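Chemist:
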Amino acid sequence: MRNNTPFKVLIDILFYCNVFVVIGMALSLSMGGMTTKTGSMNMASWNTESWMDVVVSVFIYFLFITGLFYLRKVARNILNNNQFTSTMATNLYRSGMLFTLTGILSLFLSFFLWVSHLLRNELKIELDYEVMVPFFLMIIGAFFIIQSKIILEAKGIKEDNELTI
Amino acid sequence: MAIEINLDVVLAKRKMKSKELAELIGITTANLSILKSGKARAIRFSTLDEICKALNCQPGDILAYIED
Numbered sequence: 027m028r029n030n031t032p033f034k035v036l037i038d039i040l041f042y043c044n045v046f047v048v049i050g051m052a053l054s055l056s057m058g059g060m061t062t063k064t065g066s067m068n069m070a071s072w073n074t075e076s077w078m079d080v081v082v083s084v085f086i087y088f089l090f091i092t093g094l095f096y097l098r099k100v101a102r103n104i105l106n107n108n109q110f111t112s113t114m115a116t117n118l119y120r121s122g123m124l125f126t127l128t129g130i131l132s133l134f135l136s137f138f139l140w141v142s143h144l145l146r147n148e149l150k151i152e153l154d155y156e157v158m159v160p161f162f163l164m165i166i167g168a169f170f171i172i173q174s175k176i177i178l179e180a181k182g183i184k185e186d187n188e189l190t191i
Numbered sequence: 173m174a175i176e177i178n179l180d181v182v183l184a185k186r187k188m189k190s191k192e193l194a195e196l197i198g199i200t201t202a203n204l205s206i207l208k209s210g211k212a213r214a215i216r217f218s219t220l221d222e223i224c225k226a227l228n229c230q231p232g233d234i235l236a237y238i239e240d
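First to last, the sequence lines map onto chains A and B. According to the working numbering, the first sequence holds residues 27 to 191 in order. According to the working numbering, the second sequence holds residues 173 to 240 in order.
What follows is the structure in structure tokens.
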């Protein structure tokens, strides 16, 4: 199909950008480019909430990259015309699960931070673009999970058709 | 599966080779092999009709129900 290649290219760009960010940060940390007192960031004064925010955010980020990694495999299968295979369904399911998990954890983190601000009498009520992202990730993840089940059904129908003499 | 394919038996009785039958009924030897090995999920009436015509037999001679 005509749109397969741009689909794969877009996923590759997003995946490699994220991988370069991780590698860059790892190198920067190991070479001392980033210290615990970089700019306005003074890690020594961080409380449990800040640390939890960072740890969970990093975990969410890795979940997202892993989801992208499986989505790359899906795109590769589509490009190779192997759409109706168990591998394709499995990779799509894993990608969907990871994106859904990313969305749920992001939402919980946002909620946790909002409650934390509330408890410190720093109530913030805002509706911005950031709130939409976890919901969108959950929708995309759920769609991929449904799509993986549809692919498995299609695989069965294809096999039935091929094995009808 | 409970349906058994006895195409081998009928072919042997008629002293006909699979390749000949495949050519007669207009399917590939690969598909005929799938049918003979019992890997086929379904058989079209048109194929069954051609097989019966070529082998001068009844569908019951080719297909048999075996109780599990």
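In this text, a Cβ means the ideal position worked out from N, Cα and C, and glycines have one as well. Everything numeric in this text was worked out from a predicted model, so none of it was measured.
CB A226/B to CB L193/B, shorter than 9 Å?
Modeler: The residue you call residue 226/B lines up with position 54 of the second sequence. The residue you call residue 193/B lines up with position 21 of the second sequence. It is a contact, given that the beta carbons lie within the stated cut-off.
Chemist: Just checking, does the segment 171-182 of chain A make contact with the segment 198-216 of chain B on the three C-beta pairs under 8 Å criterion?
Modeler: Flag = no, the segment 171-182 of chain A and the segment 198-216 of chain B do not touch.
Chemist: In the DSSP assignment, what are the bridge partners of Y237/B?
Modeler: Taking the second sequence and counting its residues from 1, the one referred to as residue 237/B is at position 65. Answer is I175/B.
Chemist: Tell me whether A212/B sits in a helix, a strand or coil according to DSSP, three-state version.
Modeler: If you number the second sequence from 1, residue 212/B lands on position 40. In this structure, A212/B counts as coil in the three-state DSSP scheme.
Chemist: From what residue to what residue does the alpha helix (DSSP H) around K34/A run?
Modeler: Numbered from its first residue, the first sequence carries residue 34/A at position 8. Taken as a continuous stretch (DSSP letters only), the alpha helix (DSSP H) holding K34/A covers 30-56.
Chemist: Is there a Cβ from chain A that is less than 9 Å from the Cβ of I175/B?
Modeler: As a working mapping, residue 175/B is identified with position 3 in the second sequence. So, not an interface residue.
Chemist: Identify whether T190/A lies in helix, strand or coil by the three-state DSSP scheme.
Modeler: Mapped onto the first sequence, residue 190/A falls at position 164. T190/A: strand per DSSP, three-state reduction.
Chemist: Please report the distance separating the alpha-carbon of F85/A from that of G210/B.
Modeler: For the purposes of this step, residue 85/A is taken as residue 59 along the first sequence, with counting starting at 1. For the purposes of this step, residue 210/B is taken as residue 38 along the second sequence, with counting starting at 1. Whole-angstrom Cα-Cα distance: 50 Å.
Chemist: Counting along the chain, where does the alpha helix (DSSP H) carrying G129/A start and finish?
Modeler: Here residue 129/A is taken as the residue at index 103 of the first sequence, counted from 1. Taken as a continuous stretch (DSSP letters only), the alpha helix (DSSP H) holding G129/A covers 112-145.
Chemist: Kindly confirm or deny that the segment 105-114 of chain A and the segment 132-139 of chain A touch, where touching means at least three C-beta pairs closer than 8 Å.
Modeler: As far as the Cβ criterion goes, the segment 105-114 of chain A does not touch the segment 132-139 of chain A, which means the pair count is below three.
Chemist: Could you name the residues of chain A that I215/B contacts, counting a contact when the two beta carbons are closer than 8 Å?
Modeler: As a first step, residue 215/B is located in the second sequence; it is residue number 43 there, counting from the start. Under the 8 Å cutoff, chain A gives T190, I191.
Chemist: Around the C-beta of I206/B, are 16 or more other C-beta atoms found within 10 angstroms, so that it is buried, or is it exposed?
Modeler: Position 34 of the second sequence holds residue 206/B. I206/B is buried by the Cβ-count criterion.
Chemist: Buried or exposed, going by whether 16 or more other CB atoms sit within 10 Å of the CB of L149/A?
Modeler: The residue given as residue 149/A occupies position 123 in the first sequence. So L149/A counts as exposed.
Chemist: Evaluate A101/A with the Cβ neighbour count: other Cβ atoms within 10 Å of its Cβ, from every protein chain shown; 16 or more gives buried, anything less gives exposed.
Modeler: Position 75 of the first sequence, counted from the first residue, corresponds to residue 101/A. Counting Cβ neighbours within 10 Å, A101/A comes out buried, since at least 16 surround it.
Chemist: Using a cut-off of 8 Å between C-beta atoms, extract the partners of T219/B located in chain A.
Modeler: Working through the second sequence from its first residue, we reach residue 219/B at position 47. Those within 8 Å of T219/B in chain A are I191.
Chemist: Between G122/A, F110/A, V48/A, I39/A, which lies nearest to L178/A when the distance is taken from Cα to Cα?
Modeler: Within the first sequence, residue 178/A is the residue found at index 152, counting from 1. With distances taken between Cα atoms, L178/A lies closest to F110/A.
Chemist: Distance cutoff 9 Å, beta carbons only. Does K189/B sit that close to anything in chain A?
Modeler: Taking the first residue of the second sequence as position 1, residue 189/B is located at position 17. Not closer than 9 Å to any Cβ of chain A, the Cβ of K189/B fails to qualify, so no.
Chemist: From A266/A to W72/A, what distance separates their C-alpha atoms?
Modeler: The structure shown does not extend to residue 266/A, since chain A spans only 27 to 191, so no value can be given for it.
Chemist: Does E179/A come within less than 9 Å of chain B when only Cβ atoms are used?
Modeler: To locate residue 179/A, count along the first sequence from 1; it is residue 153. E179/A does not count as touching chain B.
Chemist: Near S56/A, what residues of its chain come up, given a Cβ to Cβ distance below 7 Å and the 5 sequence neighbours on each side ignored?
Modeler: Residue mapping note: residue 56/A aligns to position 30 of the first sequence, counting from 1. So no residue of the chain qualifies.
Chemist: Can you look up L149/A in the DSSP assignment and give me helix, strand or coil?
Modeler: As a first step, residue 149/A must be located in the first sequence, where it is residue number 123. L149/A: coil per DSSP, three-state reduction.
Chemist: Looking at chain A, is there any beta carbon in it that lies within less than 9 Å of the beta carbon of N203/B?
Modeler: Stepping through the second sequence from its first residue, residue 203/B is reached at position 31. It does: the Cβ of N203/B has a partner Cβ on chain A nearer than 9 Å.
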